[in-house]
Structures are given as structure tokens and as C-alpha cells.
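Worksheet: the structure to be examined is printed underneath.
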Amino acid sequence: MSKPAASVRELIREHYSTLTQSERKFANALLENYPAAGLASITIVASNAEVSTPTVARMVQKLGFKGYPQFHQALLKELEAQVSGPTQRRANWASEAPEGHLLNRFAQAVTDNLGQTFSNLDYEQFDRAVHQLADTEGRLYVVGGRITRALADYAFTHFQAIRQHVTHMTSSSATWPHYVLDMVEGDTLLMFDVRRYETNLQRLAELAAERGVKIILITDQWASPITSVAHYTFNCWVEIPSAWDSNISTMMLLEAMISATQEEGWDETRERYERLDELFDMTRLFRKFS
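In the UniProt record's numbering, the protein residues as written are 1 to 290.
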């Protein structure tokens with residue numbers, strides 16, 4: 001399976017240091033409202049970013065496009081990928097699927113996803129996010145969507161053992177105002193949102209951000225709209241030969257965060273683990289082997 005083509009967002013990050021000041025102005029305007037800011041004509045997008053048309057033309061060529069039409073088409077394809085449902089996703093990969101067993105194609109796709117995810121990971125941002133997750137001065141809230149609520153549940157189970165003051169928000173958005181009511185500046189909200197992005201999660205993020213809550217977002221390569229209010233955003237590559245997206249790279253990133261958070265405050269965490277084991281022994285929840 002061939003390596004997935006780089007997104008326009010990735011190309012901008014890769015070539016950002018080579019851009020002029022005016023080209024960076026357009027690049028920043030595009031990233032702030034991605035990909036919508038680049039879906040109009042070249043004259044309109046240039047005007048909206050307050051740069052000249054030649055500036056836009058030069059920048060798209062620096063990104064490797066022959067001209068603005070090819071750049072525009074690439075953004076349209078990304079937008080189509082963002083909103084595609086299971087039937088369309090399967091049609092996309094089935095029409096391009098190489099010969100060979102599904103297991104081999106699946107394994108290659110997952111391997112590519114992991115490579116893409118970690119090669120695009122900002123390690124300094126990762127460390128800052130982990131420091132935020134380990135900060136027990138504030139409460140940690142965890143929430144996911146229709147598919148990602150399983151990831152949120154997994155995260156909650158581990159973070160609850162690692163640190164105090166952890167709240168798992170229910171999957172019912174009707175109950176979320178009760179949680180928001182108690183959110184204060186200094187709290188942290190760990191969110192999972194992948195395509196199709198959920199409007200209720202976006203509104204929750206906006207309400208939390210207004211209260212000074214630090215938002216850590218784990219999303220896919222196309223990036224949830226929550227990115228606009230998130231303090232830390234992590235993009236995970238998710239496409240596989242299936243009608244559904246994969247959570248493997250997302251889970252690996254989450255487990256790395258859990259491990260790093262555990263190490264951040266190991267002395268306190270170790271004591272919690274020991275006390276927790278004592279409680280498990282008292283309740284005889286788990287079988288002990290001699």
C-alpha cells in the first residue's frame with residue numbers, strides 16, 4: 001500500500017520556514033479556518049487573508065502544487081474525506097485496494113497510520129499536555145463521542161488510578177451542563193472527536209474554554225473543529241481498509257499519555273496504586289495466585 005498523500009496542513013508545516021512574511025500570513029489565515037478558508041477562488045481567499053493574489057500563487061507552488069486549481073482540489077478532497085460516511089469510505093478503499101489478503105492490507109494501513117501519527121507529533125506539546133494531565137490542582141474531565149466514548153472510558157479508568165479529581169462525563173449531552181456548572185479555571189478537559197465531528201462536543205468545548213478550562217483534544221488527521229478552542233491538539237491517522245476508521249493510533253497515543261502522566265507524579269501515583277491494591281484485596285475483586 002502506498003504512503004498516504006500529505007495533507008495541505010502538513011505541507012504548510014513542512015514548508016513554513018521557507019515562506020515569506022506575506023505567504024505566512026495567508027498560511028496562518030488558512031490554518032485558522034481549515035480547510036474552508038482555501039475553498040473559494042484565489043482572488044477571494046487572497047482578499048480574505050489581506051494578501052495579494054500573487055502571494056497566494058507563490059505559496060501554493062512552494063507547497064508543491066502546479067497552481068491554485070490543484071491546491072483547491074486537494075482541499076476539496078480533504079473536505080470530502082472529513083464528511084464521508086461508512087459506505088463512501090468503503091467505496092474509496094475498495095476501488096483502490098491492491099491484490100492480496102485483507103489482513104496484509106489492514107496491517108500495512110495500520111503501520112502507515114502509526115508512522116504518520118508519531119512523525120507529526122509535537123513532542124514539546126505532548127510534554128506540556130502531560131504536565132496538564134498530571135496537575136491535580138484542578139479537576140480532570142474526560143469525554144468522548146458516539147464512537148470515541150470507549151476511548152474516554154479507557155482513559156478515565158487509568159487516570160482515576162493515577163491521580164485524584166477525575167470525572168468521566170456521561171455520553172448523554174443532556175447531562176453536560178451539570179458538569180460545566182462545576183468547571184473552573186485551571187481544570188482540564190480531555191476530549192476525543194473524530195469524523196464525523198459532533199456538534200454537541202464542539203459546543204461543550206466552547207463552553208469549557210469560556211470558563212478557562214484547558215482543553216486537550218485527540219482527533220484525526222483532518223482535525224475536529226474543536227481545534228479552534230483547544231490548547232493542545234493531537235492528530236491521529238485513522239484510515240484503514242474498512243467502512244470504519246481505526247482507533248489503533250489513537251489508542252497508542254492515549255496509552256503514551258497515560259504512561260507519561262504516571263511518571264510525571266510517580267511518587268503519589270505509586271502510593272495510590274498500593275492503596276488501590278489493598279482495597280482490591282479487601283473486596284476480593286480479583287483472584288490471587290499463590
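All C-beta atoms, glycine included, are put in the ideal place defined by N, C-alpha and C. Bear in mind the structure is a predicted one, so any value in this text is a computation, not a measurement.
Tell me whether residue i sits in a helix, a strand or coil according to DSSP, three-state version.
i, result
"His168", "strand"
"Met191", "strand"
"Arg20", "Just to set this straight, residue 20 is Thr in the shown sequence, not Arg. Three-state result, Thr20: coil."
"Glu10", "helix"
"Lys66", "coil"
"Ile147", "coil"
"Leu133", "helix"
"Val142", "strand"
"Asn48", "helix"
"Asn235", "strand"
"Arg284", "coil"
"Gly186", "coil"
"Tyr34", "coil"
"Ala152", "helix"
"Gly115", "helix"
"Pro241", "coil"
"Ser259", "helix"
"His158", "helix"
"Asn28", "helix"
Taking the alpha-carbon positions, what's the residue i to residue j distance?
i, j, result
"Ile258", "His158", "7 Å"
"Ala256", "Ser47", "43 Å"
"Thr227", "Ala150", "21 Å"
"Met239", "Gln160", "Here residue 239 is Glu; the residue named in the question, Met, does not match the sequence. Roughly 30 Å between the two C-alpha positions."
"Arg128", "Thr55", "35 Å"
"Arg195", "Val143", "16 Å"
"Glu78", "Met282", "54 Å"
"Ser290", "Ser172", "For Ser290, the predicted model reports a pLDDT of 49, less than 50, meaning its position is unreliable; a value from the coordinates is still stated below. Each residue's Cα considered, the two are about 43 Å apart."
"Ser119", "Ala40", "31 Å"
"Glu244", "Leu201", "Note that residue 244 corresponds to Trp in the displayed sequence, not to Glu. One C-alpha to the other measures close to 20 Å."
"Arg139", "Leu189", "8 Å"
"Gln73", "Pro35", "11 Å"
"Ser242", "Gln116", "18 Å"
"Phe280", "Arg105", "43 Å"
"Thr269", "Ile44", "54 Å"
"Leu181", "Asp153", "22 Å"
"Ile147", "Ala205", "18 Å"
"Asn247", "Leu121", "16 Å"
"residue 292", "Phe234", "Because residue 292 is not part of the residues shown, which for the chain are 1 to 290, the question remains open."
"Ala174", "Asp187", "21 Å"
"Met183", "Arg203", "15 Å"
"Leu276", "Asn33", "46 Å"
"Leu102", "Leu254", "27 Å"
"Arg24", "Lys214", "27 Å"
"Glu278", "Arg284", "10 Å"
"Lys66", "Asp267", "56 Å"
Considering only residues of the same chain and omitting the five flanking positions on each side of residue i, which have a CB-CB separation below 7 Å?
i, result
"Tyr179", "Tyr141, Thr167 and Met169"
"Lys3", "Interpretation of Lys3 is limited by its pLDDT of 48, a score under 50 that renders its predicted location unreliable; no figure is taken from the coordinates."
"Glu210", "none"
"Tyr197", "Ser224 and Pro225"
"Tyr68", "Ile42, Val56, Ala57 and Val60"
"Gly145", "Phe192, Asp193, Glu198 and Leu201"
"Trp176", "Met169 and Leu204"
"Leu207", "Val180"
Give the single residue among the options whose Cα lies nearest to the Cα of residue i.
i, options, result
"Glu14", "Val60, Leu189, Arg149 and Arg196", "Val60"
"Glu263", "Gly64, Leu190, Gln21 and His131", "His131"
"Leu19", "Asn235, Met251, Gly64 and Val238", "Gly64"
"Gln70", "Glu124, Ala29, Ser7 and Glu32", "Ser7"
"Ala155", "Met252, Glu80 and Cys236", "Met252"
"Ser17", "Gly138, Lys62, Val51 and Tyr34", "Lys62"
"Glu50", "Phe26, Pro35 and Leu189", "Phe26"
"Gln21", "Ser52, Glu10 and Leu11", "Ser52"
"Val229", "Asp122, Cys236 and Ile218", "Ile218"
"Glu10", "Ser246, Leu254, Cys236 and Arg272", "Cys236"
"residue 305", "Glu32, Leu102, Leu75 and Leu114", "With the chain represented from 1 up to 290, any question about residue 305 goes unanswered, as that position is not in the structure."
"Arg272", "His165, Ile12 and Leu207", "His165"
"Glu80", "Trp222, Ala174 and Lys214", "Trp222"
"Leu75", "Arg24, Leu102, Ile12 and Glu23", "Ile12"
I'd like the list of long-range same chain contacts for residue i, defined as Cβ closer than 8 Å, with 5 residues on each side in sequence excluded.
i, result
"Gly265", "Ala134, Thr136, Ile162 and Arg163"
"Thr261", "Val130, Leu133, Ala134, Phe159, Ile162 and Arg163"
"Val110", "Ile240, Ser246, Ile248 and Ser249"
Excluding the five sequence neighbours on either side, which residues of its own chain have a C-beta within less than 6 Å of the C-beta of residue i, listed in chain order?
i, result
"Ala37", "Ala29 and Leu30"
"Tyr232", "Gln125, Ala129 and Ile216"
"Gly212", "Glu185"
Under the criterion of a Cβ to heavy atom distance below 8 Å, does residue i qualify as lining the ligand SAH?
i, result
"Ser242", "What this structure holds is no ligand at all, so the ligand SAH is not there to describe."
Alpha helix (DSSP H) runs contained entirely in the segment 195-227, provided each spans 4 or more residues: 199-210
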